[in-house]
Amino acid sequence: MISKGFSKPTERVERLKRMIVDATPYVESERAVLVTESYKETEGLSPILRRAKAVEKIFNNLPITIRPDELVVGAITKNPRSTEICPEFSYEWVAKEFETMATRVADPFEIPKETARELEEAFSYWDGKTTSALADSYMSQEAKDCMANGVFTVGNYFYGGVGHICVDYGKILKKGFRGIIAEVVEAMNRMDKKDTDYIKKQQFYNAVIISYNAAINFAHRYANKARELAAVELNPTRKAELLQIAANCDKVPENGSSNFYEACQSFWFIQIMVQIESNGHSISPGRFDQYMYPYLKADKGISKEFAQELVDCIWIKLNDINKTRDEISAQAFAGYAVFQNLCVGGQNEEGLDATNEVSYMCMEATAHVKLPAPSFSIRVWQGTPDEFLLRACEVARLGLGVPAMYNDEVIIPSLVNRGVSLRDARNYCIIGCVEPQCPNKTEGWHDAAFFNVAKILEITLNNGKVGNKQLGPVTGEMTSFKSIDDFYTAFKKQMEYFVYYLVEADNCVDYAHAERAPLPFLSAMVDDCIGRGKSVQEGGAIYNFTGPQAFGIADTGDSVYAIQKHVFEDKTITIEQLKAALDANFGACEETVACTSTSTMDATEMQIYEAVKKILSNAGSIDLADIQNQVISGFKASQSQVSGDFESIRRLLDNTPSFGNDIDEVDMVARKCAQLYCFEVEKYTNPRGGQFQAGIYPVSANVLFGKDVAALPNGRPAKKPLADGVSPRSGKDHSGPTAAANSVAKLDHFVASNGTLYNQKFLPSAVAGDTGLQNFSSVVRSYFDHKGMHVQFNVIDKQTLLAAQKDPQKYKDLVVRVAGYSAQFVVLAKEVQDDIISRTEHTL
79 MISKGFSKPT
89 ERVERLKRMI
99 VDATPYVESE
109 RAVLVTESYK
119 ETEGLSPILR
129 RAKAVEKIFN
139 NLPITIRPDE
149 LVVGAITKNP
159 RSTEICPEFS
169 YEWVAKEFET
179 MATRVADPFE
189 IPKETARELE
199 EAFSYWDGKT
209 TSALADSYMS
219 QEAKDCMANG
229 VFTVGNYFYG
239 GVGHICVDYG
249 KILKKGFRGI
259 IAEVVEAMNR
269 MDKKDTDYIK
279 KQQFYNAVII
289 SYNAAINFAH
299 RYANKARELA
309 AVELNPTRKA
319 ELLQIAANCD
329 KVPENGSSNF
339 YEACQSFWFI
349 QIMVQIESNG
359 HSISPGRFDQ
369 YMYPYLKADK
379 GISKEFAQEL
389 VDCIWIKLND
399 INKTRDEISA
409 QAFAGYAVFQ
419 NLCVGGQNEE
429 GLDATNEVSY
439 MCMEATAHVK
449 LPAPSFSIRV
459 WQGTPDEFLL
469 RACEVARLGL
479 GVPAMYNDEV
489 IIPSLVNRGV
499 SLRDARNYCI
509 IGCVEPQCPN
519 KTEGWHDAAF
529 FNVAKILEIT
539 LNNGKVGNKQ
549 LGPVTGEMTS
559 FKSIDDFYTA
569 FKKQMEYFVY
579 YLVEADNCVD
589 YAHAERAPLP
599 FLSAMVDDCI
609 GRGKSVQEGG
619 AIYNFTGPQA
629 FGIADTGDSV
639 YAIQKHVFED
649 KTITIEQLKA
659 ALDANFGACE
669 ETVACTSTST
679 MDATEMQIYE
689 AVKKILSNAG
699 SIDLADIQNQ
709 VISGFKASQS
719 QVSGDFESIR
729 RLLDNTPSFG
739 NDIDEVDMVA
749 RKCAQLYCFE
759 VEKYTNPRGG
769 QFQAGIYPVS
779 ANVLFGKDVA
789 ALPNGRPAKK
799 PLADGVSPRS
809 GKDHSGPTAA
819 ANSVAKLDHF
829 VASNGTLYNQ
839 KFLPSAVAGD
849 TGLQNFSSVV
859 RSYFDHKGMH
869 VQFNVIDKQT
879 LLAAQKDPQK
889 YKDLVVRVAG
899 YSAQFVVLAK
909 EVQDDIISRT
919 EHTL
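When we follow this note's numbering, the leftmost residue of the sequence shown carries the number 79, and every step to the right adds one.
As structure tokens, this is what we get:
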């Protein structure tokens, strides 16, 4: 393939993009006020009817906003790229950040004083009534201690609504919301009053009907708004556009779509309505090319150029949706991440290639818009056309970090292994970051927790302790290990203990959502909730999973291999020397070097100084300042010697062969450490009757939670970032991209069925020209042939990133891959920026 390049976006698309890039994110209060008013009015109703009535009130009263130039309309907020608050899930963290959210390190939002006042008034109702409060009441103190000490966090669903789902867009495009209501009425007519679940099913069906009638009215309100704007519009072209928008909103999503434009508008209404009902992120469009293509193919009256502009406008709208999180979670999800994963390519249910014209239009839209959303993904298999993969690589070398690429040859078998039918597995899409699932049939609870495997390693080496607290079981002092098998025995026991409490915490949150926040609007678009008469939160989906993800795999694998090699095989250092070096953080100066004045002396130094002072107080003329300096100089000299010894140990450990260089004996250790986590997780089930399944991906938590991890036996000092996903540690994959990919492929991706994440970084020169493009696609094919699950690329040089750090205003449009998502580089916290800069730059 000769590089095709990409066409230029229209002026309209450029203007809409600029609106997003230049927007100041605000917190808005309308939804919080409306949901609070509704809950006050419905105290005597069942939880699901209260949810339906709340959705009805919101859809009927949320402000209607049509922004200039828009062809596809519908907004959650008045201001671009802003957010509403959903206090029924949690609110305390918002109240604490009224004064600081605008200035915090990651993802700041402006909160006007009047908005804060309205929110504060709404929050006063919710004390003890949120899903977060209920989940907290269920959790044991042991689980809370684990979270407080950096072992894991279940913050996603603990503080927010349920997300990570792909609903049946295709059904709505075909049948409309009226079709859903008709399906519910039919199910109600089939009910047997002698069924013990009759009452609950009836409540669910009534809730769906209330929600969908309100949703239809929401679209009609947009039709009326468009007509109002058209009535005063002087530009005849824009007036005609507004009247067409009104006609579209009159028809869809109430009824099925008749053409491609209506399908685009219907799709967008579904996308925002799901997020209005619940503030869960990762509401993923899934296989956009599969359900949209029939409408493009049948639409003989649309030009190719206008169809492309409509897709471009959807890409812009996906960037208009935003979320705010608490300060800590914002660091873990740095970059205003919303994770709306849109996937193209791959196979159909029959096992035939599914690539079509819309697949390529999505690539063109990504090149036109150049913004973080959607989280654009492609599926690859042995039948993928070369042209498709090469075109995807051409998009990737634009430097946006997309598309992420997924291997059908691994993912389909891994889903079948979890009980998904072959046809459904072939139809998988990607949710959120990297999580595969069968669309519109699955409640996957992906991203259910971050689990810090490197922290488990640290706890194992400290006999179950974090600091002085006995957090885990007593499994033996590190110095008692006589072989690497002794370590593994202790490590496995610690893993068992902490995974148990991870599961407990997740299940507590799961119960809370089922009891207090069932989602009737969302549920009616997931099979087989209507057939079963229950929401997805109560187990209505065909497939039910919970997917917590691990990170720190490379750090753990390299550390365990370093112990194995240096302590038990080569015996270059003793276990006692290693423990001393770790305890001293390899002699890091801020923790071990004495200070130079009594005001900053540590406790031991002060005791000795005072003792010397007392002894010599009657010894005539004594220069106490000289005594002080001699004592401190002695301490510094002795500590300098110790520090030097520790530094030599650190260098030895740091130079140990590392994961990422295609060395079997090293890579197999990382594989084993990852398997210990995955196999332990899959032993458990959730309240919806589904299985826990492990993933290995970090979002950007590898930076945040690296701060909770002490020094490691791989030579990493305390508090430094951990490796991201299944990627090698930064700078340690020095044998080239193929060797690095081969190492990653040796991990057992089949058992990490909740997804794995592999980042690679290429210099732009490495993939330039037609030869570079061919080599680029060959790297992908090779990695997938070796059974890797996922890979994504940053194609950018270090100098550009450093320049963006120095002058962010000049680089507002710079988008990079962070983890399972892309973000504007300049909005990331500096420590996340530094982590991206430090990644190995590969050439081909």
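Virtual Cβ for every residue (Gly too), placed ideally from N, Cα, C.
By the criterion of a C-beta distance shorter than 8 Å, R182 is surrounded in its chain by E175, E405, A408, once the five residues flanking it on both sides are discounted.
For Y755, the closest C-alpha among the options Y775, S736, N764, E743 is that of Y775. When beta bridges are read from the DSSP output, F770 appears opposite T624. Spatial neighbours of V873 in its own chain (CB-CB distance under 7 Å, excluding positions within 5 residues in sequence) are listed in chain order as A474, R475, G477, F840, P842, V845.
Buried is the label assigned to A412, since at least 16 other Cβ atoms lie within 10 Å of its Cβ.
For the set Q353, K395, S381, the Cα lying nearest the Cα of Q343 is the one of K395.
For I243, the three-state secondary structure derived from DSSP is strand.
Setting aside the 5 residues that flank it on each side, T114 is surrounded in the same chain by A200, Y203, each with a C-beta closer than 6 Å to its C-beta; the list follows chain order. According to the DSSP assignment, L420 belongs to the beta strand (DSSP E) that extends over 419-423.
Secondary structure note for D214: it is in no beta strand (DSSP E), and the uninterrupted alpha helix (DSSP H) holding it is 209-216.
Contact between F454 and V416 is ruled out by a C-beta separation of about 13 Å, above the 8 Å threshold. Beta-carbon to beta-carbon, I354 and I142 are separated by about 12 Å, too far to satisfy the 8 Å threshold. Non-local C-beta neighbours of H359 in its own chain, meaning closer than 6 Å and more than five positions away in sequence, comprise G241, K401, V416, F417, ordered along the chain. Taking each of P158, R807, I126 in turn and checking the Cα distance to D100, the smallest one comes out for P158.
In this structure, the CA atom of V744 is about 21 Å from the CA atom of L660. The distance from the Cβ of I915 to that of L892 is about 12 Å, inconsistent with a contact at the 8 Å cut-off.
For V744, no beta strand (DSSP E) segment is defined; the enclosing uninterrupted segment is the alpha helix (DSSP H) at 742-759. Per DSSP, reduced to three states, the secondary structure at Y235 is helical. Around the C-beta of I277, fewer than 16 other C-beta atoms lie within 10 Å, and the residue is accordingly described as exposed. Contact annotation: the stretch 310-320 does not touch the stretch 154-168, with fewer than three C-beta pairs closer than 8 Å.
Under DSSP, C507 shares a beta bridge with Q515. Rounded to the nearest angstrom, the gap between the Cα atoms of A583 and S210 is 11 Å. Around the beta-carbon of K131, 16 or more other beta-carbon atoms lie within 10 Å, marking it buried. Contact between the stretch 855-871 and the stretch 458-473 is present: three or more C-beta pairs spanning the two stretches fall below 8 Å. Less than 8 Å divides the Cβ of I154 from the Cβ of I350. Contact annotation, F167 with Y237: C-beta distance approximately 6 Å; criterion of less than 8 Å satisfied. Listed in chain order, the non-local C-beta contacts of R794 below 7 Å within the same chain comprise D633, local neighbours out to five positions each way being set aside.
Cβ-Cβ distances below 7 Å link G152 to Y300, W346, F347, I350 in the same chain, with the five nearest sequence neighbours on each side left out; the list follows chain order. By the neighbour-count criterion, in which a residue is buried when 16 or more other Cβ atoms sit within 10 angstroms of its Cβ, A445 is buried. In the same chain as L825, and ignoring 5 residues on each side of it, the C-beta atoms closer than 6 Å to its own belong to R749, A752, V804, in chain order. Annotated three-state conformation of F454 is strand, per DSSP. Rounded to whole angstroms, the Cβ separation of E196 and S107 is 4 Å, and the two are in contact under 8 Å. The beta carbon of N495 sits closer than 6 Å to no other beta carbon from its chain once the five residues preceding and following it are set aside. Rounded to the nearest angstrom, the gap between the Cα atoms of V581 and C224 is 12 Å. Residue state for T193 is assigned as helix, using DSSP reduced to three classes. The shortest CA-to-CA distance from T652 to any of F664, V829, T557, A503 is the one to T557.
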